[in-house]
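Chains F and H, in that order, are what the protein sequence lines are. Residue 1 is where the first sequence starts when you use my numbering, and the numbers rise one by one after that. Residue 1 is where the second sequence starts when you use my numbering, and the numbers rise one by one after that. Quick reminder that beta carbons are idealized off the backbone N, C-alpha and C, glycines included. Some notes on the structure that comes next.
There are 2 protein chains.
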Amino acid sequence: MTRIRPTPGEWEILQALWKLGPATVRAVHEEIGAGHYNTTLKLMQILAEKGLVVRDEEARAHVYKAAVGREALQGDAVEDVLERVFGGSAAELMQRALERRKLKKRELEELRRMIDSFEGKKS
Amino acid sequence: MTRIRPTPGEWEILQALWKLGPATVRAVHEEIGAGHYNTTLKLMQILAEKGLVVRDEEARAHVYKAAVGREALQGDAVEDVLERVFGGSAAELMQRALERRKLKKRELEELRRMIDSFEGKKS
DNA sequence: TGTAAACTACGAAGAGTTTCGTTGACAGCT
DNA sequence: AGCTGTCAACGAAACTCTTCGTAGTTTACA
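Right under this line is the structure:
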């Protein structure tokens, strides 16, 4: 099972596609709002080659859509950063995240619920 | 304030240096336990150029030590992954981390304490 | 003194990523 | 038909990262 590891440019495309749903290069490019149109096109073609997006070529303006789930790819990205940066310690990762980003009260409570449920499975 | 973004190879060196303290190329290379000696050397020279490590050239075998704090770099790495992968949502990042890695009971409790203290600062 | 081992230094090769110029096809309009 | 704008496709160029071959220096020691 090889881990999927999009490049930064590819992440930007994928985020746009997850947000927009199936979309043309033009639409994705405008959602991103920066860089050259051809760069967006090229990256989307590369993503199609890699199978991370699928392309409907019916219309002249091809319609792309993400072929991978957002959560799954995020999970892979977390694995990467855990291994490379945190030596596998998820607790340390979360500590840094808490230090850097203030979470909304609602988010903190939801997080606590998640921890509760995980702790329930252990003991 | 430019964010420090070591490459994967550089992270490996830095992790070894944080673990060993000031060390020679040889020591770091053996700690890593893989790859070509010259690759380790080259990466450490690059790190020195970038200022992420400092080099004591007194002895023939130069002694390198990390010039940046582990926690600070981890924080930068978290910022990166938050922006690129999670659209800034630390809650989502932590959710993925919890799904992927089982934390020890002690870690879960420590995490809960951290959440408590952060929540205390709000409302 | 001669030789082997350990070390730094240099640079080139190869892969991967991103950017963008150019080309050719197609569609709409006058 | 001719003009204009939009599109996909291709490939070159620049850049980064990693690997490793080669060279030259220093140290240890017989």
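Query: Cβ contact (3+ pairs, closer than 8 Å) linking the segment 79-94 of chain F and the segment 63-78 of chain H; Result: yes
Query: Residue nearest to L52/H in terms of C-alpha spacing, selected from L41/H, R5/H, E119/H, R112/H; Result: R5/H
Query: Chain F within 7 Å of M44/H, Cβ atoms only; Result: no
Query: Residue ranges of each beta strand (DSSP E) within the segment 34-112 of chain H, 3 or longer; Result: 53-56, 63-66
Query: Short-range partners of chain F found in the segment 78-100 of chain H, where Cβ spacing is below 9 Å; Result: V78, E79, D80, V81, L82, R84, V85, F86, G87, G88, S89, A90, A91, E92, L93, M94, Q95, R96, A97, L98, E99, R100
Query: Contact set between M1/F and chain H, taken where Cβ atoms lie within less than 9 Å; Result: Within 9 Å Cβ-Cβ: nothing; M1/F doesn't reach chain H, min ~13 Å.
Query: Short-range partners of chain H found in the segment 29-56 of chain F, where Cβ spacing is below 7 Å; Result: none
Query: Cβ neighbours of A61/F in the same chain (closer than 6 Å, five flanking residues each side left out); Result: T24
Query: Contacts of R112/H in chain F (Cβ-Cβ under 7 Å); Result: R112, I115
Query: Test: W11/F CB closer than 7 Å to a CB of chain H; Result: yes
Query: Beta-carbon proximity check, K50/H vs P22/H, cutoff 7 Å; Result: no
Query: Rounded C-alpha distance that separates K105/H from P8/H; Result: 30 Å
Query: Distance, L43/F Cα to L73/H Cα; Result: 29 Å
Query: Residue interval of the alpha helix (DSSP H) (run including G21/F); Result: Per DSSP, G21/F belongs to no alpha helix (DSSP H) and is neither H nor E.
Query: Interface partners of L108/H on chain F, CB under 7 Å; Result: I115, F118, E119
Query: Straight-line gap, F86/H to R100/H (C-alpha atoms, nearest Å); Result: 16 Å
Query: Distance CB(I32/F)-CB(A16/F) smaller than 7 Å; Result: yes
Query: Contacting residues, own chain, Cβ-Cβ under 7 Å from S123/H (five flanking each side not counted); Result: Residue confidence for S123/H is low, a pLDDT of 48 falling below 50, so the modelled location carries little weight; the figure read from the coordinates is stated next. Correct list: empty, nothing qualifies.
Query: Residue from E57/H, E10/H, E71/H, K19/H with nearest C-alpha to T39/H; Result: E10/H
Query: Within 7 Å, strictly: CB atoms of R70/F and W18/F; Result: yes
Query: Contact with chain H by P22/F, beta-carbon distance below 7 Å; Result: no
Query: Rounded Cβ spacing between I115/H and L108/F (contact assumed at less than 8 Å); Result: 5 Å
Query: For V63/F and R112/F, the rounded distance between their alpha carbons; Result: 41 Å
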